[in-house]
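Residue numbers (the numbering used here): 1450 to 1880.
C-beta: ideal position from N, C-alpha, C; glycine also.
Structure first, commentary second.
Printed below as a string of structure tokens:
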């Protein structure tokens, strides 16, 4: 691994540089950036452009990566990421042809093992002169799919039924229910308070269902009623402990805000919040954080994409923790263990629908919403889960697939997202 080299410094994945540089022929900007597997790692590296500046890690660590070009030739430094190449590839392969994002995160130390946004782009498109960069920009911003949008970090959409995990945590922590096997107070049909709208739920399993059953069958009546029982301020407080309503999260790239309504809201809005709607939004990184807390026995560690920075002089810097005020234990161990037990039941159902083996998945929660109930009028498929890797790491996953063409129908449900998560968990099990 080189440090203090001429040209631009590099961004590394598992000891291998996924960036490079070569002379540009431009005296003002003597080196141009090159990329290896650029489309796979674009959400990690970002891009470096003569005309449109820098994004992602290229922007955050510009001073390190260009040190030798600025200080008269002492050499540039390198950035070592936390990415696991096998898990990253599985995420990229799984999302090919879809619009969405996938995240894998070590639940015990916060290291991001995979970060993929789809559709992707090759950042080498911006490695030419200003004219070529402008043409590439026009092409990438003028078509469908918004490939320059890092959906894993910056697109917050309704988490749908996956938010039920947070609602259940709030109910257990606040003593509204003593265990995941206690019957809830949630009759069916359930009419939203202050309206005549009935929430659809499975009539065979959902009337007054326990949290365990409700997570398995995505009983909207249960979690709508539960959110009203818990109260909006207490639900928002629990959500914030998990990382919602945080404007300052850096990984070290800034992450978009995931939101849970605070303050006074109507009971109708509170009930919708319980179903993952009603103004609740989440990035895939945020939902991976939620699952990491549950998997980690109630402790929160904030996500981190960079393991260390090696400067040109060989000195090593660890990134400052992006920890918020709630880092550490945020829910009780018993609450976490109760939810782990329920999520093991829930994921067995999601995987059974696939008709295949679960790979290394231990626990998880699926979610799906049709266009009429989803962000932007798109079909939304979610799956959040956790598993053990081959090295014994406890890994949390979050996958969101949002299909603008409504190809995710009720029969498919959350399965597009489940398949991606299964692929990542199998890759983690091999690592």
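Notebook entry, point to check: What is the DSSP secondary structure of residue 1909, reduced to helix, strand or coil?
Noted result: Summary: the structure shown does not reach residue 1909, with the chain confined to residues 1450 through 1880, and so no result is reported for it.
Note to self: Suppose the cutoff is 6 angstroms on Cβ atoms and the five residues either side in sequence are ignored; what does the same chain contact list for residue 1661 look like?
What the structure shows: In the chain shown, the residue the question calls residue 1661 occupies position 212. The answer, listed in chain order, is 1629, 1630, 1791, 1794.
Next item on the list: Please confirm whether residue 1650 and residue 1669 have their CB atoms less than 8 angstroms apart.
Entry: One-based indexing of the chain shown puts residue 1650 at position 201. One-based indexing of the chain shown puts residue 1669 at position 220. A contact, by the Cβ cut-off of 8 angstroms.
Item checked: Three-pair Cβ contact test at 8 angstroms for the segment 1588-1601 versus the segment 1708-1722 -> no
Notebook entry, point to check: Is DSSP giving residue 1549 helix, strand or coil here?
Noted result: Along the chain shown, read from residue 1 onward, the residue named residue 1549 stands at position 100. The answer is strand: DSSP assigns residue 1549 an E or B state.
Margin query: For the pair the segment 1567-1576 and the segment 1488-1495, tell me if three or more CB-CB distances fall below 8 angstroms.
Written below: yes
Checklist line | Assumed close pair residue 1748, residue 1755 - CB separation to whole angstroms, cut-off 8 angstroms | finding: Position 299 of the chain shown, counted from the first residue, corresponds to residue 1748. Position 306 of the chain shown, counted from the first residue, corresponds to residue 1755. Incorrect: roughly 21 angstroms between the Cβ atoms, too far for contact.
Notebook entry, point to check: What is the residue span of the beta strand (DSSP E) that residue 1510 lies within?
Noted result: Position 61 of the chain shown holds residue 1510. Run containing residue 1510: none; DSSP gives neither H nor E here.
Next item on the list: Can you tell me the Cβ-Cβ gap for residue 1872 and residue 1563, rounded? I've got them flagged as a contact below 8 angstroms.
Entry: In the chain shown, counting from the first residue as 1, residue 1872 sits at position 423. In the chain shown, counting from the first residue as 1, residue 1563 sits at position 114. Contact flag wrong, Cβ pair sits at about 10 angstroms.
Note to self: Can you give me the C-alpha to C-alpha distance between residue 1583 and residue 1591, rounded to a whole angstrom?
What the structure shows: To locate residue 1583, count along the chain shown from 1; it is residue 134. To locate residue 1591, count along the chain shown from 1; it is residue 142. So the alpha carbons of these two residues sit roughly 12 angstroms apart.
Next item on the list: Give the single residue among 1833, 1840, 1606 whose Cα lies nearest to the Cα of residue 1868.
Entry: Here residue 1868 refers to the residue found at position 419 when the chain shown is read from its first residue. Of the listed residues, the one whose Cα sits closest to residue 1868 is 1833.
Note to self: Using a Cβ-Cβ cutoff of less than 6 angstroms, which residues in the same chain neighbour residue 1462 once the five nearest sequence positions on both sides are dropped?
What the structure shows: As a working note, residue 1462 is residue 13 in the chain shown. Only 1530, 1532, 1534 meet the Cβ criterion.
Next item on the list: From the DSSP output, read off the bridge partner residues of residue 1753.
Entry: The sequence position of residue 1753 within the chain shown is 304, counting from 1. Per DSSP, 1560.
Next item on the list: Starting from residue 1471, trace the alpha helix (DSSP H) both ways and give me its first and last residue.
Entry: The sequence position of residue 1471 within the chain shown is 22, counting from 1. Note, residue 1471: premise wrong, no alpha helix (DSSP H); beta strand (DSSP E) at 1468-1472.
Notebook entry, point to check: With a Cβ-Cβ cutoff of 8 angstroms, do residue 1611 and residue 1725 count as a contact?
Noted result: Looking up residue 1611 in the chain shown gives position 162. Looking up residue 1725 in the chain shown gives position 276. Cβ atoms of residue 1611 and residue 1725: closer than 8 angstroms.
Notebook entry, point to check: Which value, in whole angstroms, describes the spacing of the CA atoms of residue 1614 and residue 1473?
Noted result: As a working note, residue 1614 is residue 165 in the chain shown. As a working note, residue 1473 is residue 24 in the chain shown. Going by the C-alpha atoms only, they are around 51 angstroms apart.
Notebook entry, point to check: the ligand GDP heavy atoms versus the CB of residue 1699: any closer than 7 angstroms?
Noted result: In terms of ligand content, the structure shown is empty, and the ligand GDP therefore cannot be addressed.
Check: According to DSSP, which residues form a beta bridge with residue 1849?
Finding: For the purposes of this step, residue 1849 is taken as residue 400 along the chain shown, with counting starting at 1. In DSSP, residue 1849 forms a bridge with 1550, 1831.
Check: Name the DSSP bridge partner or partners of residue 1812?
Finding: Translated into positions along the chain shown, residue 1812 becomes position 363. Answer is 1835, bridged to residue 1812.
Next item on the list: Give every residue of the same chain whose Cβ lies closer than 6 angstroms to the Cβ of residue 1760, excluding the five residues on either side of it in the sequence, and list them in chain order.
Entry: Residue numbering aside, residue 1760 sits at position 311 when the chain shown is read from its first letter. So the qualifying residues of the chain are 1526.
Notebook entry, point to check: Whose CA, out of 1729, 1550, 1702, 1481, lies closest to the CA of residue 1518?
Noted result: Indexing the chain shown from 1 puts residue 1518 at position 69. Ranking the options by Cα distance to residue 1518, first place goes to 1481.
Checklist line | First and last residue of the uninterrupted alpha helix (DSSP H) at residue 1460 | finding: Numbered from its first residue, the chain shown carries residue 1460 at position 11. No alpha helix (DSSP H) holds residue 1460; the beta strand (DSSP E) holding it covers 1460-1462.
Margin query: Taking contact to mean 3 or more Cβ pairs, one atom from each stretch, closer than 8 angstroms, check whether the segment 1721-1740 and the segment 1614-1627 are in contact.
Written below: yes
Item checked: C-alpha gap between residue 1568 and residue 1848, whole angstroms -> The residue given as residue 1568 occupies position 119 in the chain shown. The residue given as residue 1848 occupies position 399 in the chain shown. Their backbone Cα atoms lie some 14 angstroms apart in a straight line.
Next item on the list: Indicate whether residue 1606 and residue 1846 have their beta-carbon atoms separated by less than 8 angstroms.
Entry: Along the chain shown, read from residue 1 onward, the residue named residue 1606 stands at position 157. Along the chain shown, read from residue 1 onward, the residue named residue 1846 stands at position 397. Against a cut-off of 8 angstroms, the Cβ pair of residue 1846 and residue 1606 comes out as no contact.
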